[in-house]
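Here the structure comes first, spelled out in structure tokens, and everything after it is commentary.
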Amino acid sequence: MFILILNTINSIAVQIDLQKFLNYLLLSLAVTGGIIVGILAGRLIDLSLGGEAMSLVDPAPRGIAVQSLKEDDFQIILDRNLFNSEVTTGAAEQVDLSATAAAAASTRTIGNFILVGTIVAGKDSFALIKSGSKTSIFQLGEELAPGVVVSEIGRQLVVLMDHSVRKELPLKQRKGASAKLVRQKNPAASNRGIVAVDESSWKISKAVAKNARANLNSLLQTARMIPQMKNGKTVGFKLVELEKGSLLEQIGLRVGDLVVEINHVKLNSPEKALQIFQQLREANNISLGLMRNGKPETFEYSFE
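Read in order, the letters of the sequence shown correspond to residues 433 to 736 in the numbering used here.
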């Protein structure tokens with residue numbers, strides 16, 4: 433259930449803080465190994481491992497470090513540009529540099545930095561950039577190092593201005609990673625171990641959670657969620673697509689559901705990110721608050 437929940441939290445926030453919040457929860461997802469929490473970030477983020485570090489230059493302190501999470505913790509998410517989608521926040525202009533990325537091999541690039549992934553959300557876009565063992569979040573206008581500023585962020589490429597010299601940092605596909613995602617033929621087949629106690633509570637075996645993590649690619653293709661805005665603020669995440677018979681359907685979710693809180697923490701501010709992350713890491717029970725047909729519902733999940 434963590435694959436919707438930790439990503440359900442994902443792009444909640446206020447403009448600049450939105451992306452920082454989103455990142456903490458997305459990366460937490462792979463650590464928890466749960467089931468629900470990745471769908472949202474799946475809608476929002478394109479990530480893939482790659483890049484080759486050259487000479488080391490420490491990033492400036494403005495970047496938000498997430499070094500406590502190892503690459504292996506979110507390797508499944510980063511493997512093959514899983515999410516294949518962009519944030520759409522009102523009329524915010526999208527910057528798509530995919531075409532330029534194809535020519536990146538002939539462009540002068542920044543050494544020592546590895547582009548781990550990006551979220552494209554107009555002026556609120558951000559990039560995950562690795563230097564050495566540290567992965568940090570950088571937004572438009574922020575410095576990676578003295579004189580090196582993030583100028584543009586696209587799905588496959590980040591443009592940096594190195595003392596007024598334009599340089600490009602492209603995503604590169606991780607070696608051995610297939611470019612094609614293979615959908616699980618029968619999503620329900622591997623999800624035995626889910627028992628409905630009543631209309632609003634379920635028992636889920638830890639084996640199911642483990643299997644969900646191992647087959648994250650397939651799971652992320654079974655549903656799509658988008659942030660729900662009210663008065664310019666995120667109030668929750670709406671489920672707009674759901675594959676029949678999928679794991680998420682088995683645990684009670686339906687198209688049109690608006691997820692508004694997790695473990696009684698509302699999904700409306702960036703400060704909630706680490707709080708929810710700490711709760712979910714060792715949680716054996718999860719409460720999911722949502723609105724269905726305009727009425728509040730609470731779903732309870734226990735892992736055994």
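All residues carry an ideal CB built from backbone N, CA and C; glycine is no exception.
Using only the alpha-carbon positions, how far apart do V590 and S568 sit? Counting from one through the sequence shown, the residue named residue 590 turns up at place 158. Counting from one through the sequence shown, the residue named residue 568 turns up at place 136. Per the coordinates, the alpha-carbon of V590 lies some 14 Å from the alpha-carbon of S568.
Whole-angstrom distance between F558 and V552, CA atom to CA atom: Position 120 of the sequence shown holds residue 552. Position 126 of the sequence shown holds residue 558. Spanning the two alpha carbons is a distance of roughly 7 Å.
Per-residue DSSP class, three states only, for A577: Residue numbering aside, residue 577 sits at position 145 when the sequence shown is read from its first letter. A577 sits in a strand when the DSSP states are folded into three classes.
Output needed for G668: all residues of its chain with C-beta closer than 6 Å, excluding positions within five of it in sequence on either side, in chain order. Position 236 of the sequence shown holds residue 668. For G668, where only same-chain residues beyond five positions count, the Cβ hits under 6 Å are Q660, L690, V691, V692, L699.
Can you find the residues in the same chain that come closer than 6 Å, C-beta to C-beta, to M593, ignoring five residues on each side of it along the sequence? By 1-based counting over the sequence shown, the position of residue 593 is 161. Take M593, set aside five residues on each side of it, and the residues of its chain with a beta-carbon closer than 6 Å to its own are V581, S583, in chain order.
For R587, count neighbouring C-beta atoms within 10 Å of its own C-beta (all shown protein chains included) and say buried if the count is 16 or more, exposed if not. Mapped onto the sequence shown, residue 587 falls at position 155. A buried status is given to R587, since no fewer than 16 other beta-carbon atoms sit within 10 Å of its beta-carbon.
Looking only at its chain, what residues have a beta carbon closer than 6 Å to the beta carbon of A628, apart from the 5 residues adjacent to it on each side? Stepping through the sequence shown from its first residue, residue 628 is reached at position 196. For A628, where only same-chain residues beyond five positions count, the Cβ hits under 6 Å are W634.
Out of E681, G677, K670, Q682, which one is the CA nearest neighbour of G726? Here residue 726 corresponds to residue number 294 of the sequence shown, with the count starting at 1. Nearest C-alpha to G726: K670.
Same chain, Cβ closer than 7 Å to L547, five either side skipped, listed in chain order: Taking the sequence shown and counting its residues from 1, one reaches residue 547 at position 115. By the criterion of a C-beta distance shorter than 7 Å, L547 is surrounded in its chain by G483, A559, I561, V590, L601, P602, L603, once the five residues flanking it on both sides are discounted.
Take G564 as the anchor and find which of N544, E574, F570, E575 has the nearest alpha-carbon. For the purposes of this step, residue 564 is taken as residue 132 along the sequence shown, with counting starting at 1. Of the listed residues, the one whose Cα sits closest to G564 is N544.
Would A639 be called buried (16 or more neighbouring beta carbons within 10 Å of its own) or exposed? Reading the sequence shown from its first residue, position 207 is the one you call residue 639. Exposed, because fewer than 16 other Cβ atoms sit within 10 Å of the Cβ of A639.
With E732 and S719 assumed to form a contact (beta carbons below 8 Å), what rounded beta-carbon distance in angstroms separates them? Position 300 of the sequence shown, counted from the first residue, corresponds to residue 732. Position 287 of the sequence shown, counted from the first residue, corresponds to residue 719. Indeed they touch by this definition, with Cβ atoms about 6 Å apart.
Determine whether the beta carbon atoms of E673 and R686 lie at a separation below 7 Å. By one-based count along the sequence shown, residue 673 stands at place 241. By one-based count along the sequence shown, residue 686 stands at place 254. No, the pair does not count as a contact, with Cβ atoms beyond the cut-off.
Leaving out the 5 sequence neighbours to the left and right, which residues in its chain are closer than 7 Å to G579 when beta-carbon positions are compared? For the purposes of this step, residue 579 is taken as residue 147 along the sequence shown, with counting starting at 1. Taken in chain order, the residues that qualify are D594, H595.
List the endpoints of the continuous beta strand (DSSP E) containing E693. Within the sequence shown, the letter at position 261 stands for residue 693. Bounds of the beta strand (DSSP E) holding E693 are 690 to 694.
Compute the Euclidean distance between the alpha carbons of L572 and N717, then round it to the nearest angstrom. Numbered from 1 along the sequence shown, position 140 holds the residue referred to as residue 572. Numbered from 1 along the sequence shown, position 285 holds the residue referred to as residue 717. Taken atom to atom, the span from the alpha-carbon of L572 to that of N717 is near 38 Å.
Do you know offhand how far F735's Cα is from G554's? Locating residue 735 in the sequence shown gives position 303, counting from the first residue. Locating residue 554 in the sequence shown gives position 122, counting from the first residue. Their backbone Cα atoms lie some 39 Å apart in a straight line.
With H, G and I counted as helix, E and B as strand and the rest as coil, what does DSSP make of N643? Mapped onto the sequence shown, residue 643 falls at position 211. In the three-state DSSP reduction, N643 falls in the helix class (H, G or I).
Have a look at the DSSP bridge pairing and note the partners of V591. Sequence index remark: in the sequence shown, residue 591 carries index 159 (1-based). DSSP lists E584, E600 as partners of V591.
Going by alpha carbons, who is nearest to A715 out of A641, G688, Q682? Translated into positions along the sequence shown, residue 715 becomes position 283. With distances taken between Cα atoms, A715 lies closest to A641.
For G688, is the classification buried or exposed, using 16 other Cβ atoms within 10 angstroms of its Cβ as the cut-off for buried? The residue you call residue 688 lines up with position 256 of the sequence shown. Answer is exposed; the Cβ neighbour count stays below 16.
Nearest-angstrom Cα distance between K676 and K599? Taking the first residue of the sequence shown as 1, we reach residue 676 at position 244. Taking the first residue of the sequence shown as 1, we reach residue 599 at position 167. Their backbone Cα atoms lie some 46 Å apart in a straight line.
For L699, does the three-state DSSP call read helix, strand or coil? Along the sequence shown, read from residue 1 onward, the residue named residue 699 stands at position 267. The three-state secondary structure of L699, taken from DSSP, is coil.
Helix, strand or coil: how does DSSP classify L722 here? Taking the sequence shown and counting its residues from 1, the one referred to as residue 722 is at position 290. In the structure shown, L722 falls within a strand segment according to DSSP collapsed to helix, strand and coil.
Under the three-state DSSP convention, the category L671 falls into: Translated into the one-based positions of the sequence shown, residue 671 becomes position 239. L671 sits in a strand when the DSSP states are folded into three classes.
For K566 and D630, I'd like the C-alpha separation in whole angstroms. Counting from one through the sequence shown, the residue named residue 566 turns up at place 134. Counting from one through the sequence shown, the residue named residue 630 turns up at place 198. Rounded to the nearest angstrom, the gap between the Cα atoms of K566 and D630 is 45 Å.
If you run the structure through DSSP and keep just helix, strand and coil, what is L547? Position 115 of the sequence shown, counted from the first residue, corresponds to residue 547. In the structure shown, L547 sits in a strand (DSSP, three-state: E or B).
Determine the direct distance from the alpha carbon of I694 to that of L680, and round the result to whole angstroms. The count along the sequence shown starts at 1 and reaches residue 680 at position 248. The count along the sequence shown starts at 1 and reaches residue 694 at position 262. Taking the straight line from one Cα to the other gives about 16 Å.
To the nearest angstrom, how far is it from the Cα of K665 to the Cα of I626? Translated into the one-based positions of the sequence shown, residue 665 becomes position 233. Translated into the one-based positions of the sequence shown, residue 626 becomes position 194. Rounded to the nearest angstrom, the two C-alpha atoms are 35 Å apart.
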